[in-house]
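Asker: Structure in structure tokens, see below.
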Amino acid sequence: MSRTAAASKKPTWIALTIALVIQTGLISIQARRRIDTSFVRVWILDSLAPMEKLVDRASHGVRYVWDGYIALIGVHNQNEQLKHQVDELQMKLQQNREDLAELQRLRGLLSMPAADIGKTVVARVIGRDPARSQTVTIDKGTAHGVKPDSAVITPAGVVGRVIHSSNFFSIVQLIVDPQSAVGVMLDSSRRQGIVRGTGARDLDLDYIDDDNDLKQGDMFLTSGLDRVYPKGLPVGTIVSIGPRRGLLKTVDIRPSADLGRLEEVICLIEHSQNVGVDSVDPAQGASNP
Amino acid sequence: MTVYPVTRLSTLGIIGKFAVALIAVVVTQGILSFKFKVFGYFDLPLIFSVYYGFTLGNPVASIVIGSSLGLMQDSLSGAVLGANGLSKTLIGFFAATAGSKFAVDQPVTRVFAIFLFTLGDGLLVTILGLMVGPASGAIYSGALGSWLLSAIFNTLLGLVLFGYHDRWSNATTR
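Order-wise, the sequence lines are chains A and B. In this note's numbering, each residue's number is its place in the first sequence (first place is 1) plus 7. In this note's numbering, each residue's number is its place in the second sequence (first place is 1) plus 32.
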């Protein structure tokens with residue numbers, strides 16, 4: 008090789024070495040957990056996420072104009088039907104109000120605590136992960152009280168937990184992520200177990216005390232033992248039970264929340280005093296980062 | 033008043049354009065993955081690392097581009113910081129090296145390169161994630177299938193993008 012050719016290749020090797028040293032250094036710092044590297048992530052997240060939010064707002068604006076004006080053609084008949092439905096629902100609502108009042112009276116009699124889940128903040132999902140892990144970006148961060156390990160839910164069920172927070176944005180690890188685990192209990196028998204993400208649409212049952220009485224359609228609720236999710240939130244329903252693999256049967260669980268169509272989510276920023284755990288076994292049901 | 037030489041200003045302009053393009057790539061990937069679930073299988077930063085490696089003819093720039101794209105991808109995804117950065121750095125370097133030694137303007141070469149780069153990227157990022165993260169997240173059963181799907185989608189999108197690049201460069205050189 009001529010001397011000029013060798014000299015022209017030198018900057019390439021220097022650049023490659025510098026880049027590899029920086030990236031490897033970042034990885035090894037995280038592996039040893041000696042220095043907090045979250046500032047790098049916070050800085051980049053705070054710089055890039057506003058752009059995602061801007062595009063999300065713009066697309067929402069277009070959809071609002073479409074839904075609010077253009078798509079309204081020919082909705083008169085539908086409007087009439089809906090008016091009838093509203094009348095019926097108002098009657099049912101009145102009935103439910105009476106039931107609720109009765110329930111509150113009975114609770115008062117029994118001195119039962121109200122089943123609220125604690126202090127929450129509503130966040131909007133503004134992005135999904137550009138890599139292969141199952142995460143979403145939300146528009147609430149430490150400034151709003153959202154911090155790592157905050158539980159994220161929807162009225163339908165558990166969504167995941169916050170793994171990184173910057174000032175105004177957070178990254179949420181969905182329960183279907185292969186690195187995610189949730190402490191659960193069976194709604195019917197109250198048996199406790201752990202479900203784990205598969206990276207696909209469904210969850211896997213990772214552990215349960217006794218799997219003999221499991222059946223399709225059984226619902227799993229959070230057990231509260233993992234200290235992340237409050238007790239009693241819907242996690243998912245058994246969709247199929249396969250043959251035994253090792254000690255346990257292969258059980259596929261479909262998440263209760265529609266994780267493919269998340270728009271608004273609720274972040275639990277403070278657990279209610281009356282929700283949670285009476286006895287905690289940290290070795291069981293720990294949710295992995 | 034400071035007067036900058038024209039060449040310095042034009043260099044800054046080129047760097048600025050590249051920075052905007054790289055940010056756009058990562059943000060676009062995030063938004064499209066959110067709006068259309070199938071886009072989670074595409075890896076725009078990988079395709080652009082290969083694209084710039086093949087077309088720029090400058091290995092140093094390809095390394096910097098790959099490294100920046102990977103780091104931004106890690107920050108937005110919650111993955112181990114540096115995993116995609118390391119992988120995309122190597123992809124940028126190998127793509128630039130291949131670009132100077134092989135005929136990368138042939139579709140067959142491009143298909144082969146993007147496919148292999150995607151599989152290598154998936155494997156490397158997973159291994160680095162396992163080295164740093166908890167052992168529980170061992171390579172799950174669907175990982176290989178997911179990489180293969182990703183490789184196929186990336187190859188198809190890469191071919192389209194490279195095709196546009198060829199057409200555009202032919203039009204400008206005429």
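Don't be surprised by glycine CBs; every beta carbon is placed ideally from N, CA and C. Keep in mind that this is a model prediction, so the values were computed, not measured.
Taking CB distances under 7 Å as the criterion, tell me whether GLY267 of chain A reaches chain B.
Answerer: yes
Asker: So what does DSSP say about TYR73 of chain B, is it helix, strand or coil?
Answerer: helix
Asker: What are the start and end residues of the alpha helix (DSSP H) that includes ASP153 of chain B?
Answerer: 139-164
Asker: Work out the CA separation of GLY152 of chain A and LEU275 of chain A for me, nearest whole Å.
Answerer: 9 Å
Asker: State the beta-bridge partners of PHE227 of chain A as determined by DSSP.
Answerer: A:LEU193 and A:GLY243
Asker: I'd like to know if VAL28 of chain A contacts chain B, where contact means its C-beta is closer than 7 Å to some C-beta of that chain.
Answerer: no
Asker: Can we say the region 90-99 of chain A touches the region 241-260 of chain A, given the rule of at least three CB pairs closer than 8 Å?
Answerer: no
Asker: Which partner residues does ILE273 of chain A have in the DSSP bridge list?
Answerer: A:VAL129 and A:ILE160
Asker: For THR142 of chain A, decide whether its Cβ has a neighbour in chain B, counting only Cβ atoms nearer than 7 Å.
Answerer: yes
Asker: By the criterion of Cβ-Cβ separation under 9 Å, what are the contact partners of ARG168 of chain A in chain B?
Answerer: Ordered by position in chain B, no residue passes the 9 Å Cβ test against ARG168 of chain A, which lies about 11 Å from the chain.
Asker: So is LYS69 of chain B in contact with chain A if we call contact Cβ pairs under 7 Å?
Answerer: yes
Asker: On the DSSP letters alone, give me the boundaries of the beta strand (DSSP E) that PRO326 of chain A sits inside.
Answerer: The structure shown does not extend to residue 326 of chain A, since chain A is modelled only from 8 to 296, so the question has no answer here.
Asker: Since VAL92 of chain B meets chain A, which of its residues come closer than 9 Å, beta carbon to beta carbon?
Answerer: PRO18, THR19, ILE21, ALA22 and LEU23
Asker: Please report the residue range of the alpha helix (DSSP H) in which GLN105 of chain B lies.
Answerer: Taken as a continuous stretch (DSSP letters only), the alpha helix (DSSP H) holding GLN105 of chain B covers 91-109.
Asker: Report, in whole angstroms, the separation of the C-beta atoms of PRO91 of chain B and ALA145 of chain B, which I expect to be a contact under 8 Å.
Answerer: Between the beta-carbon of PRO91 of chain B and that of ALA145 of chain B there is about 15 Å, and that puts the pair past the 8 Å contact cut.
Asker: Can you confirm whether PHE86 of chain B, when its beta carbon is compared against all beta carbons of chain A, has any partner nearer than 7 Å?
Answerer: no
Asker: To the nearest whole angstrom, what separates the beta carbons of VAL242 of chain A and VAL189 of chain A, a pair I think is in contact under 8 Å?
Answerer: 6 Å
Asker: So which residues of chain A does ILE95 of chain B contact, with C-beta pairs closer than 8 Å?
Answerer: Result: THR19, ALA22, LEU23 and ALA26.
Asker: Scan the region 199-217 of chain A for residues whose Cβ lies nearer than 7 Å to a Cβ of chain B and list them as they occur along the chain.
Answerer: THR205, GLY206 and ALA207
Asker: Would THR121 of chain B count as contacting chain A if we go by Cβ distances under 7 Å?
Answerer: yes
Asker: Going by Cα to Cα distance, which pick from A:ILE170, A:PHE176, A:ILE124 and A:ASP136 is closest to ILE145 of chain A?
Answerer: A:PHE176
Asker: Under 7 Å Cβ to Cβ from HIS278 of chain A, same chain only, skipping five residues before and after it: list those, please.
Answerer: GLY125 and PRO237
Asker: Once you ignore the five residues that flank LEU193 of chain B on each side, which residues in its own chain have a CB closer than 7 Å to its CB?
Answerer: ILE79 and TYR83
Asker: Would you please state the rounded distance, in angstroms, between the beta carbons of VAL49 of chain A and ASP156 of chain A? I believe it to be under 8 Å.
Answerer: So it is not a contact: roughly 16 Å between Cβ atoms.
Asker: Checking contacts by CB at 7 Å: is VAL246 of chain A closer than that to chain B?
Answerer: With respect to chain B, the C-beta atom of VAL246 of chain A has no partner C-beta closer than 7 Å.
Asker: With respect to the beta strand (DSSP E) encompassing ASP203 of chain A, which residues constitute its N-terminal and C-terminal limits?
Answerer: The sequence shown places Arg at residue 203 of chain A, rather than the Asp named in the question. Per DSSP, the unbroken beta strand (DSSP E) holding ARG203 of chain A starts and ends at 199-204.
Asker: With three or more beta-carbon pairs closer than 8 Å as the criterion, would you say the region 117-125 of chain B touches the region 14-31 of chain A?
Answerer: yes
Asker: Nearest-angstrom Cα distance between ASN84 of chain A and HIS171 of chain A?
Answerer: 48 Å
Asker: As a quick exercise: from B:SER182, B:GLY161, B:ALA111 and B:LEU54, pick the residue whose alpha carbon is nearest that of GLY98 of chain B.
Answerer: B:LEU54
Asker: Taking a Cβ distance cut-off of 9 Å, strictly less, list which residues of the region 42-60 of chain A are near chain B, in chain order.
Answerer: THR44, SER45, VAL47, ARG48, VAL49, TRP50, ILE51, LEU52, SER54, LEU55, ALA56, MET58 and GLU59
Asker: Within the same chain, show all residues whose beta-carbon is closer than 6 Å to that of LEU103 of chain B, passing over the 5 residues directly before and after it, in chain order.
Answerer: GLY117
Asker: Please name the residue in A:SER196, A:LEU107, A:GLY231 and A:GLY167 whose C-alpha comes closest to that of LEU210 of chain A.
Answerer: A:GLY167
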